[in-house]
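Protein chains in written order, with the working numbering: chain A, 1 to 123; chain B, 1 to 145; chain C, 1 to 271. Note that the Cβ used here is the ideal one computed from N, Cα and C, for glycine as well. Values in this document were obtained by computation on a predicted structure and should not be read as measured data.
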Amino acid sequence: MKETAYWTWFIIAGIVILVFAGLHMVVMHLSMLGVFNPEGGAVTDWGNVAFRSQNQFLAFTYIILLGAALYHGFYGLRTIVFELGPKKSFQDGFTVLLWIVGFILFGIGTYSAIAAKALETAL
Amino acid sequence: MANKQFDNHLGIAGWLGGGRWGIERYLYILHRLTGLGILSFFLLHIFASSVRMAGPESWNAAMAILKNPIFKLGEFFVFVAFAFHALNGLRLIFIELGLAVGKAEEPIFPYKSSVNTQRPLMLIVMVLCAILILAGGYNTFFGSH
Amino acid sequence: MEKGTNITVFIRRYDPEKDTAPRQQQYTLEVVRGMTVLDGLHMIKQTQDPTINFRFSCRMGVCGSCGMMINGVPGLSCNTQILDVTTTALTLAPLPNFNLIKDLVADLVPMFGVVRGLQTYIQRSDVEEMENPTMEYYQTPHQLEEFLQFTYCIKCGSCMAACPTMATDREYLGPAPLAQAYRYNIDSRDDAGDARRDLVAGSHGIFGCHYAGECSNVCPKGVDPARAIQLMKKDLVLRYFGLAKHKCAHVHKKPDKASYKPKIEAPPFTV
Numbered sequence: 001m002k003e004t005a006y007w008t009w010f011i012i013a014g015i016v017i018l019v020f021a022g023l024h025m026v027v028m029h030l031s032m033l034g035v036f037n038p039e040g041g042a043v044t045d046w047g048n049v050a051f052r053s054q055n056q057f058l059a060f061t062y063i064i065l066l067g068a069a070l071y072h073g074f075y076g077l078r079t080i081v082f083e084l085g086p087k088k089s090f091q092d093g094f095t096v097l098l099w100i101v102g103f104i105l106f107g108i109g110t111y112s113a114i115a116a117k118a119l120e121t122a123l
Numbered sequence: 001m002a003n004k005q006f007d008n009h010l011g012i013a014g015w016l017g018g019g020r021w022g023i024e025r026y027l028y029i030l031h032r033l034t035g036l037g038i039l040s041f042f043l044l045h046i047f048a049s050s051v052r053m054a055g056p057e058s059w060n061a062a063m064a065i066l067k068n069p070i071f072k073l074g075e076f077f078v079f080v081a082f083a084f085h086a087l088n089g090l091r092l093i094f095i096e097l098g099l100a101v102g103k104a105e106e107p108i109f110p111y112k113s114s115v116n117t118q119r120p121l122m123l124i125v126m127v128l129c130a131i132l133i134l135a136g137g138y139n140t141f142f143g144s145h
Numbered sequence: 001m002e003k004g005t006n007i008t009v010f011i012r013r014y015d016p017e018k019d020t021a022p023r024q025q026q027y028t029l030e031v032v033r034g035m036t037v038l039d040g041l042h043m044i045k046q047t048q049d050p051t052i053n054f055r056f057s058c059r060m061g062v063c064g065s066c067g068m069m070i071n072g073v074p075g076l077s078c079n080t081q082i083l084d085v086t087t088t089a090l091t092l093a094p095l096p097n098f099n100l101i102k103d104l105v106a107d108l109v110p111m112f113g114v115v116r117g118l119q120t121y122i123q124r125s126d127v128e129e130m131e132n133p134t135m136e137y138y139q140t141p142h143q144l145e146e147f148l149q150f151t152y153c154i155k156c157g158s159c160m161a162a163c164p165t166m167a168t169d170r171e172y173l174g175p176a177p178l179a180q181a182y183r184y185n186i187d188s189r190d191d192a193g194d195a196r197r198d199l200v201a202g203s204h205g206i207f208g209c210h211y212a213g214e215c216s217n218v219c220p221k222g223v224d225p226a227r228a229i230q231l232m233k234k235d236l237v238l239r240y241f242g243l244a245k246h247k248c249a250h251v252h253k254k255p256d257k258a259s260y261k262p263k264i265e266a267p268p269f270t271v
């Protein structure tokens, strides 16, 4: 049941990423559509970045996207590594390592999203 | 009696197939490669975009480094990888949840399999992918930056 | 007498007593229309090189013995026409992703073991009825159609040779065993789905399939194992969310005036 659970949430995470990273791609790489880029110009100009960092909806979705992408990416990496046929002890250890690294990176990303949001409010 | 069987597994070369295989086999390879590519980029991206919490001066300094054309090209490749991985992933979600493989049917020669059933979906996905890549390419190389 | 086409045949040779690794040997063959790869191999063995080894049995595509790589694609040698594949060069190799015994003979026994290990037989919780049946199980033609396609598997191993996951992961169950597990899970007469699902959804199980689709492309019997595997994933996800129902086929009611013939005891084992 464990592998079924891992895989099912991997699929759900994929759908979450499709929606939110899809939106992120529209903002960043289809910038002629002008979504979430109120100042015009380059998408990475500070004014636009500050606007997005401060935006409630975007800050929230960035954190969800971070979690989903880390889970989805690390599950995929785990699948590829496991297909090379390592021993059971390596499999268990690698899974634990990915969980730990994943949570650390999630912590870093969430902290920076919240800090960036607070920064703008302080100004 | 010698019992030295030879290990005839293909290894990683088996992931690549080779030659006379269906297009879905190549989509599988590309999906793996784009996935690994996006993951590598993403881990760096977490740290790169975290710079914004240090304020506009640090941010602008970081962006000055990333204005280099090599990074712009890399960014385009990440966009292409994402477009492919996302659309092919959507196709795989339909397939792997049993929604695009069709029902079991008595095999009558010449055999048609689930690969034939999902072909229309595969073609739609590839066309959408091509459109997105063209749009992204236009935006990257001809858009306002 | 029809004029034949002269082709070159490359056969992968491996003698465990003499070679450390397989090597290729070249032959010429005059091919006439209708000649299968198996016919060609027999011709070479009879007229040129009696030492080549290959497995065959029924020579009509129902036993699954003669699977091999024919110009880079796995298939049965007995139902592949040489002139359909090539008019110049034919390359024969044993099925990859299995251990190689000799020349074109791959060791399929581990695959049979995996198929057996997935409990590929009808089991019901009503053990008494199973051991001493009183009546038939009721199954509609519609219920039969849900698994009939997957019963055509002849365990030839072509799908296992084509699967990219089988290439690296030696513990991966493989398309043929997974399709057979689904065939029994979806069979309405069977009740043992939970035990099989635990075996199938474990590590190196069904989630090692990422739909390259090659297994279905090369299957010589049209079994479409890729379809079986994806349908089984759907079943597993539905079960994970508690949404699946499996109605086990009931036993027909015994007619009032029916009587049973005496049970025939199975003969004792001879070995």
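- Residue pairing from DSSP leaves B:Tyr111 without any beta-bridge partner.
- The Cβ of B:Phe42 sits closer than 8 angstroms to at least one Cβ of chain A.
- Between C:Val223 and B:Glu75, the alpha-carbon positions lie close to 43 angstroms from each other.
- Around the beta carbon of C:Thr140, fewer than 16 other beta carbons sit within 10 angstroms, so the residue counts as exposed.
- Residue burial is scored here from C-beta neighbours: C:Arg189 has at least 16 other C-beta atoms within 10 angstroms and is therefore classed as buried.
- Bounds of the beta strand (DSSP E) holding C:Ala89 are Ala89 to Ala93.
- The continuous alpha helix (DSSP H) containing C:Lys233 extends over residues Pro225 to Tyr240.
- As a beta-bridge residue in DSSP terms, B:Asp7 pairs with C:Asn99.
- Taking C:Cys153 as the centre and dropping the five residues before and after it, the same chain places the C-beta of Ala176, Ala179, Gln180, Lys221 and Val223 closer than 7 angstroms to its C-beta, in chain order.
- Every beta strand (DSSP E) of 3 residues or more that sits fully in the segment 11-55 of chain C is shown, in chain order, as 23-31.
- In the three-state reduction of the DSSP assignment, C:Pro175 falls in the helix class.
- Between the C-alpha atoms of C:Thr151 and C:Ala167 there is a straight-line separation of about 25 angstroms.
- Counting C-beta pairs closer than 8 angstroms gives fewer than three between the segment 111-127 of chain B and the segment 237-250 of chain C, which falls short of the contact rule.
- Three or more beta-carbon pairs separated by less than 8 angstroms are not found between the segment 7-27 of chain A and the segment 99-117 of chain B, which leaves the two stretches without contact.
- Residues of the segment 232-246 of chain C that bring their beta carbon within less than 7 angstroms of a beta carbon in chain B comprise Lys233, Lys234 and Val237, in sequence order.
- Inclusion of B:Val115 and B:Gly22 in the CB contact set at 8 angstroms is warranted, their separation being smaller than that value.
- Three or more beta-carbon pairs separated by less than 8 angstroms are not found between the segment 142-149 of chain C and the segment 108-120 of chain A, which leaves the two stretches without contact.
- Counting along the chain, C:Leu76 sits inside the beta strand (DSSP E) bounded by residues Val73 to Leu76.
- By a beta-carbon distance limit of 8 angstroms, C:Gly213 does not contact C:Gly157. Their separation comes to about 17 angstroms.
- In the same chain as A:Phe74, and ignoring 5 residues on each side of it, the C-beta atoms closer than 6 angstroms to its own belong to Leu98 and Gly102, in chain order.
- A:Gly85 has a beta carbon lying within less than 8 angstroms of a beta carbon in chain C.
- With fewer than three CB-CB distances shorter than 8 angstroms, the segment 47-56 of chain B does not count as touching the segment 79-92 of chain A.
- Put simply, the backbone Cα of B:Leu43 is about 10 angstroms away from that of A:Leu66.
- What B:Asn60 touches in chain A, judged by beta-carbon distance under 8 angstroms, is Trp46, going in chain order.
- Pairing C:Val85 with C:Val32, the inter-Cα distance amounts to about 13 angstroms.
- With 16 or more other CB atoms across the displayed protein chains lying within 10 angstroms of its CB, C:Ile44 is buried.
- The contact set of A:Ile15 on chain B, defined by CB atoms closer than 8 angstroms, consists of Ile93 in chain order.
- Looking at B:Phe71, B:Leu92, B:Glu24 and B:Leu27, the one whose alpha-carbon comes closest to that of B:Ala48 is B:Phe71.
- Taking every protein chain shown into account, the CB of A:Met1 has fewer than 16 other CB atoms within 10 angstroms, so this residue is exposed.
- The CB of A:Glu3 comes closer than 7 angstroms to the CB of Ala201, Gly202, Ser203, Gly205 and Phe207 in chain C, given here in chain order.
- The C-alpha of A:Thr44 is placed about 40 angstroms away from the C-alpha of B:Gln118.
- Residues are counted here when their Cβ sits less than 9 angstroms from a Cβ of chain C; for the segment 99-114 of chain B these are Leu99, Ala100, Val101, Gly102, Lys103, Ala104, Glu105, Glu106, Pro107, Ile108, Phe109, Pro110, Tyr111, Lys112, Ser113 and Ser114, given in chain order.
- Chain-ordered listing is empty here: chain A has no CB closer than 8 angstroms to the CB of C:Arg124, the nearest sitting near 23 angstroms.
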